[in-house]
Every structure is written in structure tokens, then in C-alpha cells.
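In terms of this note's numbering, the sequence shown opens at residue 363 and continues consecutively. Glycine included, every Cβ here is placed at the ideal spot set by N, Cα and C. Keep in mind that this is a model prediction, so the values were computed, not measured. In what follows, a structure is listed as C-alpha cells, so that the remarks can point back to it.
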Amino acid sequence: MIKTLVTVFTHKTHEGTTERLLQLSFGYFGLYVITGFLAKYFDKVIGIGGTTYTVFNTMGSMLIPTGIVLLLGWYKFKSTNYIKVLGISMPKEFLYIVPSGLCTAVVIPTTTLMYTLPISVMVAMIIMRASIIVISRIIDEVQIRQGILTKKVYWEENIAVIIAITAVALQMLNFKGAAAAAQASGAGAALSALFVIDKANFDFIGNAAAMTILTFYLVSYTIRIYIMNYYKNTRPKGAIYDTKGFFAIEQVTSFTALVLSGFIFFHVVNKPAELPFLPVAAPAAAATATAEKQALSASMQKAQDLLVSDTSKFTPAERAETEEALAAASALLAAKKAKAEDLTAAAAALNKPVKEVTRSFKFQFSNAFKGAPDRWKLAMFSGLPFGIAAFFSVFLFMFKGRTATFAGLVNRLTSLIAGTVATLFVFWFIPGQKIPKTEDWVGLVLMFIAIYFIGRSEKKRACELARAHEVEPEKDTEVCAVEGGPEVAKAAAKEQK
Numbered sequence: 363m364i365k366t367l368v369t370v371f372t373h374k375t376h377e378g379t380t381e382r383l384l385q386l387s388f389g390y391f392g393l394y395v396i397t398g399f400l401a402k403y404f405d406k407v408i409g410i411g412g413t414t415y416t417v418f419n420t421m422g423s424m425l426i427p428t429g430i431v432l433l434l435g436w437y438k439f440k441s442t443n444y445i446k447v448l449g450i451s452m453p454k455e456f457l458y459i460v461p462s463g464l465c466t467a468v469v470i471p472t473t474t475l476m477y478t479l480p481i482s483v484m485v486a487m488i489i490m491r492a493s494i495i496v497i498s499r500i501i502d503e504v505q506i507r508q509g510i511l512t513k514k515v516y517w518e519e520n521i522a523v524i525i526a527i528t529a530v531a532l533q534m535l536n537f538k539g540a541a542a543a544a545q546a547s548g549a550g551a552a553l554s555a556l557f558v559i560d561k562a563n564f565d566f567i568g569n570a571a572a573m574t575i576l577t578f579y580l581v582s583y584t585i586r587i588y589i590m591n592y593y594k595n596t597r598p599k600g601a602i603y604d605t606k607g608f609f610a611i612e613q614v615t616s617f618t619a620l621v622l623s624g625f626i627f628f629h630v631v632n633k634p635a636e637l638p639f640l641p642v643a644a645p646a647a648a649a650t651a652t653a654e655k656q657a658l659s660a661s662m663q664k665a666q667d668l669l670v671s672d673t674s675k676f677t678p679a680e681r682a683e684t685e686e687a688l689a690a691a692s693a694l695l696a697a698k699k700a701k702a703e704d705l706t707a708a709a710a711a712l713n714k715p716v717k718e719v720t721r722s723f724k725f726q727f728s729n730a731f732k733g734a735p736d737r738w739k740l741a742m743f744s745g746l747p748f749g750i751a752a753f754f755s756v757f758l759f760m761f762k763g764r765t766a767t768f769a770g771l772v773n774r775l776t777s778l779i780a781g782t783v784a785t786l787f788v789f790w791f792i793p794g795q796k797i798p799k800t801e802d803w804v805g806l807v808l809m810f811i812a813i814y815f816i817g818r819s820e821k822k823r824a825c826e827l828a829r830a831h832e833v834e835p836e837k838d839t840e841v842c843a844v845e846g847g848p849e850v851a852k853a854a855a856k857e858q859k
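This is how it looks when you write it as C-alpha cells:
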């Protein structure tokens, strides 16, 4: 083990070896920890959070890898199979790599949109984390049946899938309620309380917008992972396996699509309203007015200002509701006598549509640019670790000789463990933040158990690939004691060339 780690941290490794896999995993882990910490640091310390941070952070994280692949020339995709499209010669692989890039361009904004919809953040995270593991296993099964994947999914990988999904699903359990029940009624009551699920977490199922965005997210990720594995599993023996080129074309495609769609979306949501809102002079609350009257007056002013500046952000129903609430509020303020509870209710009626509009993605996206914070450049620069992590993420998904199940597990487990570590750093270095919850610690233990099983799987796979001369093992590797090791390595190296 020590020799393996020395190789991992001090040597350039060969493609497809366990040592290369560990290098990518450690790199992805470190960058993901930094990414998770920066999100909280910018929100709690610098004061740039929510969609504003996400927009500028995403811009930075997209610019960086796109710039790198263009600078290093990775976009010059290596292929032995060319076709002509509209008279232009291009690698045949572009026919599915470009769609993969378009799917990436869908995944990125839908990930953000998941957090702006009436859906529990916890449920959104569970769906996004567990779905990749499940999708990867399904893709292996599909490609085995299609004859594309000839490798077997080891039983250890299947066990790891079950454990990993269990670790993620722990977030659904009521650990807090179980602890309270144990204190009040004893340990026996804790078990039943643990499985009391909040039904409100699943209200999004009846929300058309939430289900549409979730569907786009899942379908796009499914297509993308399928394409990655299609490319990986259809390489003939001795054919070029250009993961750098794949990443470059996918990255340039997704970047171009996101910039164009973002530009169009910004102008669409900011187009002048067909029927502009004309504000009326609201009766001002006197300085000696009651707190309820002053609050209602402030709510009226806020609603009118928003209707004037962002009329097009209101749906017809939201605008009608707001204008009706404004008329009712104006009448109450003009009245000589008004009950405090009526004033409070009128303010609440005004605040409701205003809150819905300001929470919408179209408003938050637009406002990120129109009301850009002074330190927006710093927010863009914060995308550096996430942008570099994109390289590691894709190379893990496409790791040579491994199943989609294995690659998906390594990718997700690495990011999940990194998320827990990032939470610890947030707790240690940012005042007032919370330590990871009980379910996080239990999930962490389960994730390490899952890693044990994929470690067993990796040892078997590494030996299988070495014997088949598909990869060149590292010199004196501890991972797999293949009979005739030096000869196998030489033969593999020769075939790789």
C-alpha cells in the first residue's frame, strides 16, 4: 500500500492503471473540498451567495477549462474514422460527442434551477447524487444487452451501489426526531420515529415546473453518461482513445451553448412589457403612523418598484394578484381607521407575489448581472477549483477499462466524502456554522464500506486488464501480482503503442 501511494504522489502513471485512478480521485477530492468550502465562504463571509454566486462561479468554472483545452490544443481530436458533413471532413465521433456537450449544457443550469423551485434542498441533493449511481448501473446493463460492453459488472460493484444509495438516502430519515423520541420515551420509540418521513418533501411531484426540470436533468445526464461509455466501449483494440479530445469537444460545445442560451434568455426575460405598469401615488404613512401602517406602506413601495423595473418577470396571474393587492392596500392606507390585523393581512397579500417573483430563476439570473456585486470578478475566480475539477470528473467517468457502474461510484463517492470534509472545514473556519449531522457521519461510514467493495473490484479488474494486455501495469505494482509481470508489462506497453 505504501509503495502504491508513493507511486501515486511522486510518479507519472500509465493510462488505465489503479495508480492513475487514485491520482484522479485524490485530485478530484481536493478540488471538490475547496469548491464546497468556497460556496459557504462567499455566502457567509463575503456576502455573495445564492444564484448570484452560482452564476459568476459557473462562468468562471466554464471559462477556465474551455480556455485550457483551447490553449493546449486538445480540441484537435485524434481519430482514425473521418466522415464528411456539408463538405467538411470531421471525426465520426463528433456525431455523438457534440450532443454530449449539449447535454452538459442542460445539466449545468438545471442543477441550479433545482434549488430555486418548490422542492426540498435535501431531496434535490439526494436525487442528484443517487441518480448518477443508478443511471450508471442501468447504462452498463443496457450496453451489455446491446453487446457494446463485454466486461462483467462484478458483484462487489453491485454491493457498493446498494451501500452508496443507502448512504445517500439516510438524509431522508428523521434522526433529529428519533433522538428526541429516545429522550422522551426511551430507545424503543426512537426506531419508529426514525422512519417518520416528512411528506412535504415530496410535494414537488405535483409541480409541473419541478418535474419538467428534474426530467431534463435526469435525461440529459443519462444520455451524457451513455455517450461517454459508448465511446469508451466501442474502441477497437489498438484504436486511439482520446479522452482529452473528448473532453475538449464536449467542453467547447457546452460552453458555446450556455453562452448563447444565457444571452438569449437574459434578453427575453428583460424585454419591455407589452403593457407597462404605471405606478400610482400611494398614500404615505405618516411618521406617527402605527408600525402596521408603515410596514404596509413599505410593502406597497417595494411591490410598485418591482412592477416598474421588472414588469416582464411577472406572470399574468402574479401581476393581477399584485395589482389587486396594491389597490386594497391603498384603500386601507387612505382610510382614517383600519384594524391592525387588516393592515398586516394586506402587507402579507402584497409580499406573497413579490416573494414568488424575486425567488424565480429568471429574476435571480437577470439580477445577478443587473445588480452585479462589486466583487463579481472574485466570484468568477472562485470557479477555478470547480473548473479544474471538471477535468478529473470526466476522466473518472471515462476511465479506461472500467464499467460505468464502477466509474460512477468512484466519481460520486469521492464528491460525497469531499462534501462532508468541506462541511467540517466550514465548521472550523467560518464562525456560526454547523458541524455535520448524525446522518452525515453514518453515511460517511457506509461510503467507506462501499469503497472497500469497489477496492476489491478494482483489484480484480486491474489483474484482468493486465492479463489481457489492455493496460500497462506500473513497475513493481502492489495492486496485481500478475504471473510473468515484467513480460506482461512489456507486452502491454508494446500493444499500447
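So which of the options has the shortest CA-CA distance to residue i?
{"i": "L658", "options": "T420, A707 and K739", "result": "A707"}
{"i": "A531", "options": "S692, Y415, K821 and V485", "result": "V485"}
{"i": "G817", "options": "L535, W517 and A571", "result": "W517"}
{"i": "G422", "options": "A830, F743, T800 and L758", "result": "F743"}
{"i": "L433", "options": "K796, T720, A702 and V614", "result": "V614"}
{"i": "G607", "options": "G600, T528 and Y593", "result": "Y593"}
{"i": "L668", "options": "L694, E685, I589 and K655", "result": "E685"}
{"i": "R737", "options": "F404, S387 and T375", "result": "F404"}
{"i": "Q663", "options": "S692, A679, A651 and A635", "result": "S692"}
{"i": "H373", "options": "G568, A540, A526 and E836", "result": "E836"}
{"i": "F754", "options": "L367, F388, E377 and H376", "result": "F388"}
{"i": "L778", "options": "A570, K822, V460 and R491", "result": "R491"}
{"i": "L535", "options": "V804, F759 and T473", "result": "V804"}
{"i": "L464", "options": "I364, A571, I611 and T442", "result": "I611"}
{"i": "F537", "options": "I524, I559, T528 and I527", "result": "I559"}
{"i": "A697", "options": "K717, A651, K675 and D672", "result": "A651"}
{"i": "T577", "options": "G509, V469 and I589", "result": "V469"}
{"i": "A700", "options": "P634, K724, Q656 and L393", "result": "Q656"}
{"i": "S722", "options": "L386, G435, E680 and T584", "result": "E680"}
{"i": "Y394", "options": "L808, G781 and V807", "result": "G781"}
{"i": "L640", "options": "V630, V631, F725 and A665", "result": "A665"}
{"i": "Y458", "options": "I585, T800, G749 and L386", "result": "I585"}
{"i": "L827", "options": "V460, K513, T375 and T474", "result": "K513"}
Here's the rule: buried if 16 or more other CB atoms are within 10 angstroms of the residue's CB, otherwise exposed. What is residue i?
{"i": "Y390", "result": "buried"}
{"i": "Y415", "result": "buried"}
{"i": "Y444", "result": "exposed"}
{"i": "L367", "result": "exposed"}
{"i": "R499", "result": "buried"}
{"i": "V670", "result": "exposed"}
{"i": "E815", "result": "Note on identity: in this sequence residue 815 is Phe, with Glu being the wrong assignment. Classification of F815: buried, given that the 10 Å Cβ count is 16 or more."}
{"i": "R507", "result": "exposed"}
{"i": "K762", "result": "buried"}
{"i": "Q545", "result": "exposed"}
{"i": "S462", "result": "buried"}
If you drop the 5 nearest sequence neighbours on each side, which residues of the same chain put their C-beta closer than 6 angstroms to that of residue i?
{"i": "I396", "result": "P747"}
{"i": "E683", "result": "P715"}
{"i": "K859", "result": "Any reading at K859 must be qualified, since the residue scores a pLDDT of 49, below 50, and its modelled position is unreliable; the value itself is stated next. Same-chain partners within the cutoff: there are none."}
{"i": "S661", "result": "A709, L712 and N713"}
{"i": "L400", "result": "S744"}
{"i": "E654", "result": "A702, L705 and T706"}
{"i": "K440", "result": "I602, D604 and G607"}
{"i": "F418", "result": "W738, A741 and M742"}
Along the chain, where does the beta strand (DSSP E) containing residue i start, and where does it finish?
{"i": "P453", "result": "I450 to P453"}
{"i": "K365", "result": "Segment I364 to T372 is the alpha helix (DSSP H) holding K365; no beta strand (DSSP E) there."}
Taking DSSP's pairing of strands, which residues face residue i in a bridge?
{"i": "I445", "result": "M452"}
In terms of residue numbering, what span does the alpha helix (DSSP H) encompassing residue i cover?
{"i": "K732", "result": "F723 to K732"}
{"i": "W738", "result": "W738 to F743"}
{"i": "S674", "result": "Neither: S674 is in no alpha helix (DSSP H) and is coded neither H nor E."}
{"i": "M590", "result": "A570 to N595"}
{"i": "P747", "result": "L746 to F759"}
{"i": "I816", "result": "T800 to R829"}
{"i": "L622", "result": "T605 to V631"}
{"i": "R774", "result": "A766 to F791"}
{"i": "P634", "result": "Where P634 is concerned, there is no enclosing alpha helix (DSSP H), given that its DSSP letter is neither H nor E."}
{"i": "I426", "result": "G412 to L433"}
Can you give me the Cβ contacts of residue i inside the same chain, cut-off strictly under 7 angstroms, excluding the 5 residues immediately before and after it?
{"i": "D502", "result": "L511, V515, T765, A766 and T767"}
{"i": "L786", "result": "P798"}
{"i": "I813", "result": "L775"}
Near residue i, what residues of its chain come up, given a Cβ to Cβ distance below 8 angstroms and the 5 sequence neighbours on each side ignored?
{"i": "F628", "result": "F727, S728 and F731"}
{"i": "A690", "result": "A708 and A711"}
{"i": "S819", "result": "Y516, E518, E519, A522 and F768"}
{"i": "F789", "result": "Q795, K796, I797 and P798"}
{"i": "T379", "result": "A824, V833, E834, P835, E836, T839 and V841"}
{"i": "T428", "result": "Q613, V614 and F617"}
{"i": "G409", "result": "P735"}
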